[in-house]
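First to last, the protein sequences are chains A and B. Its first residue numbered 1, the first sequence is counted upward by one per residue in my numbering. Its first residue numbered 1001, the second sequence is counted upward by one per residue in my numbering. Worksheet for the structure shown next.
Number of protein chains: 2
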Amino acid sequence: MADAGSPFHEAPHDHHACVAAALAAADLVCRQKGARLTALRRRVLELIWSRHAPARAYDILEQLKGERGGAAPPTVYRALDFLIEHGLVHRIESLNAFVGCNDPRYGHSAQFLICRRCGTIAELEDAEVARLVRARAAALGFRVSHQTIEIAGLCPGCDAGSGDPTHAA
Amino acid sequence: MADAGSPFHEAPHDHHACVAAALAAADLVCRQKGARLTALRRRVLELIWSRHAPARAYDILEQLKGERGGAAPPTVYRALDFLIEHGLVHRIESLNAFVGCNDPRYGHSAQFLICRRCGTIAELEDAEVARLVRARAAALGFRVSHQTIEIAGLCPGCDAGSGDPTHAA
DNA sequence: GTCGTTTGGTTATAAGATAACATCAGTGCG
DNA sequence: CGCACTGATGTTATCTTATAACCAAACGAC
C-alpha cells in the first residue's frame, strides 16, 4: 500500500514494494535506452531507495565498503552520475544528498517537499508550478534549462505532532 | 538603481551605485535591528556585491587574506552567517555560493535566475510563484518554512549570443 | 575601570567532490 | 584463440566546502 493519495510515505507501508518497483522501473528504463545498469549501479540505487529520505554519498559509501572491498568516493559518485544522467535519481542541492526519482520514464521538472524534522522527502511533478516559473523567466528573456525547487518545512505527520492545536488530534 | 526594468545587470552599468545602495540599505537595516554591521561584515558584503554573480566563500577568503592578516575559513563563514541571518545575503544552494539580497528590508520568498554561461544571477520576488508553491504544499498538508528556487539557464544576453536566431528549443 | 558579551583569530578537522591513472570485464573480429 | 577496443571499476591523491573548539581582543553597560 503505497498511499496513492499522498506523495508522503511516513506511515508504515510495504516499503519493499517501493524498492522493488523502483528497481523494476530502472531495469526497464535502462533496457530501453541501452544503458548498462550494472550490479554496482543497481545496488547504489537500491541503497538510495532504502528510505523515503535523501541519502548522502558518504553514507552510501560506508554501506558499500561493508559489502565489497575497494569502494572509494569515486565508486559512489560515478554510480550517482550515471543514475542522475538517466533520470533515476535526483540530487537535492540544499542537502548535498540524493533521492530516487518517482517516475524515471520521462523527463520532468520536479519539486521537492523536505521535512526538516523527520527528513522525509516527497517529489511533486506539478506542471503548473513548472510552467509558471518558466513563464516568469521567459517574460524576462531568460531561457530555462533546469529548475531546482526544494521546499523545506514540516510534513503532515510532523506538523500534526508539533503542538499546534489546530492540527492536533 | 540602474536598469529598473530588468533584474539582470549584464550590460555595463554604474555598478558602484549598486554597491553603494546595497551597503546603505545594509547600514539602515542593521541600525533598525540593533545588529552590528562591523567593518569585517561590511567588507564581506561589499565583496559579495562586487559582481552580479554569486561569490564563493573561499574566493572571499582569498580577498580578505590579501587585505588583512589572519583571515581563515571561520572568518568568512561567520560573516556570512550574520549576513544571511539578517537577510542581507542569500545562499545559492546549487552553487555553494552567496549573493547579495536586492531588498533586505523585509523577509520574502525569492527565486533566482542563474545564467550557466556568464554566471549572472537575477533575484526575483514573484509573489505568485511563492504563493502557488505554498498552496500546492498546503494541499498536501505540508507546512512550508523556506523555499529554495534556483533556475538555471541562459540570461537574455547569453541566449541572444548563443547562435540560435529563432530561440527554438 | 571592569564585568560580561560579542566578535574575531587560530588551529584542526570534518564533509563533500573530483582528477588522474591503473586494471579489469565484456565485445567484436581476425 | 589472441588481440584490440571500449566502458566500468579500482586506487591514490587531492581539492573544495564547511565546522568544531578554544582563545584573545574589542565593545557596551554600568
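Beta carbons: idealized from backbone N, C-alpha and C, even for Gly.
With a 10 Å radius around its C-beta and 16 neighbouring C-beta atoms as the bar for buried, classify residue i as buried or exposed.
i       : result
A/R41   : buried
A/R105  : exposed
A/P156  : buried
A/F82   : buried
B/A1011 : exposed
A/T20   : Note on identity: in this sequence residue 20 of chain A is Ala, with Thr being the wrong assignment. Under this definition A/A20 is an exposed residue.
B/E1150 : buried
B/P1007 : buried
A/A97   : buried
A/A138  : exposed
Is there a C-beta anywhere in chain B that falls below 7 Å from the one on residue i?
i      : result
A/H52  : no
A/F142 : yes
A/H13  : no
A/I121 : no
A/D103 : no
A/P73  : no
A/I151 : yes
A/D159 : yes
By how many angstroms is the C-alpha of residue j removed from the C-alpha of residue i?
i       : j       : result
B/T1148 : A/H146  : 14 Å
B/L1154 : A/L140  : 11 Å
B/E1067 : B/I1084 : 23 Å
B/H1090 : B/I1121 : 11 Å
B/R1056 : B/K1065 : 14 Å
B/H1167 : B/H1013 : Since pLDDT at B/H1167 reaches only 47, below the 50 mark, its modelled position is unreliable, and the value read off the structure follows with that caveat. Computed Cα separation, rounded: 26 Å.
A/A39   : A/V99   : 19 Å
B/A1025 : B/V1144 : 28 Å
A/H108  : A/G119  : 23 Å
A/H15   : A/H9    : 9 Å
B/K1033 : B/D1059 : 29 Å
B/L1028 : B/S1162 : 41 Å
A/D103  : B/A1035 : 47 Å
B/C1115 : A/A130  : 18 Å
A/D126  : B/R1136 : 8 Å
B/S1050 : B/R1043 : 10 Å
A/F142  : A/R78   : 32 Å
B/D1063 : B/L1080 : For clarity, residue 1063 of chain B is Gln in the given sequence; the question names Asp instead. Distance between the alpha carbons of B/Q1063 and B/L1080: 14 Å.
A/D159  : A/A17   : 27 Å
B/P1074 : A/R117  : 27 Å
B/V1076 : B/I1048 : 11 Å
A/H86   : A/C101  : 10 Å
Counting only C-beta atoms, is residue i closer than 7 Å to chain A at any point?
i       : result
B/A1127 : no
B/R1136 : yes
B/A1055 : no
B/Q1147 : yes
B/D1114 : According to the sequence displayed, residue 1114 of chain B carries Ile and not Asp. Answer no: the Cβ-Cβ gap between B/I1114 and chain A never drops below 7 Å.
B/L1154 : yes
B/D1081 : no
B/S1094 : yes
B/L1045 : no
B/L1132 : yes
Can you give the beta carbon distance from residue i to residue j, rounded, assuming they're within the 8 Å contact cut?
i       : j       : result
B/A1110 : B/L1088 : Actually they do not touch by this definition, with Cβ atoms about 13 Å apart.
A/L132  : B/L1132 : 6 Å
B/E1093 : A/S94   : 4 Å
A/L61   : A/A53   : In fact, because the Cβ distance is near 17 Å, the residues do not count as touching under 8 Å.
B/L1037 : B/C1030 : 4 Å
Requested in this report: Taking only runs that begin and end inside the region 77-138 of chain A, name each unbroken beta strand (DSSP E) of 3 or more residues, in chain order.
Outcome: 89-92, 97-100, 111-115 and 121-124
Requested in this report: Taking only runs that begin and end inside the region 1012-1068 of chain B, name each unbroken beta strand (DSSP E) of 3 or more residues, in chain order.
Outcome: none
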